[in-house]
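Just so we're aligned, residue 192 is where the sequence shown starts under my numbering, counting upward by one. Every residue, glycine too, gets a C-beta built ideally from N, C-alpha and C. Written out below as structure tokens is the structure these notes cover.
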Amino acid sequence: IIQILTGLFLAMHYTSDIATAFSSGAHICRDVNYGWLIRNLHANGASFFFICLYLHIGRGLYYGSYLYKETWNIGVVLLLLVMGTAFVGYVLPWGQMSFWGATVITNLLSAVPYVGNTLVQWIWGGFSVDNATLTRFFAFHFLLPFIIAAVTLIHLIFLHETGSNNPLGLNSDM
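Listed below in structure tokens is the structure:
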């Protein structure tokens, strides 16, 4: 919830244009009241979210939760969605690391036989990472958390049907 709230606040001040994206990040940190705090909460909150996610996956592996196939598979889909959201969010500040990160990671798709190069150009919206790419990534970064919230509800519905894999033996299905 904190990630979504800080993200909504940042979206009010962010500009997804290659000429002004970096400047809008600096504007948020320097000119917006507590913008530096909101941006740092959002960026570091993503890292903390991944730590919690990996602990959750580790617990699931340790206690054999992967035996509940539907719940586990939806969890894997959630992990992929969160990783995608983090990647497109990493591109948004539009610094050198963001640009080259987007270029290198999206170019990995060019290894897909037959359609790889076409797929990369489709994602970029042209022949290189450019304004269309940044705009698309901003849209995806805005929409994916809401999709993640919906898929999380589905994950919890499947968890409720099978019951929690509870090593303590306590009834957690109340």
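query, result
"Between the alpha carbons of residue 341 and residue 243, how many angstroms are there, rounded?", "19 Å"
"Thinking C-beta only, is residue 308 closer than 8 Å to residue 319?", "no"
"Three-state secondary structure (DSSP) at residue 334?", "helix"
"Residue 308 lies in the alpha helix (DSSP H); which residues open and close that run?", "307-315"
"Let me check understanding here. Comparing Cα to Cα, which of 238, 236 and 266 lies closest to residue 250?", "266"
"What three-state label does DSSP hand residue 366 in the structure shown?", "Residue 366 lies beyond the range of the chain shown here (192 to 365); nothing can be said about it."
"Judging by CA-CA distance, which residue of 271, 220 and 230 is the nearest neighbour of residue 338?", "271"
"Can you check which of these residues, 344, 228 and 312, is closest to residue 324 by C-alpha distance?", "312"
"Starting from residue 295, follow the alpha helix (DSSP H) in both directions and report where the run begins and ends.", "287-298"
"Considering residue 242, what are the terminal residues of the alpha helix (DSSP H) in which it resides?", "226-253"
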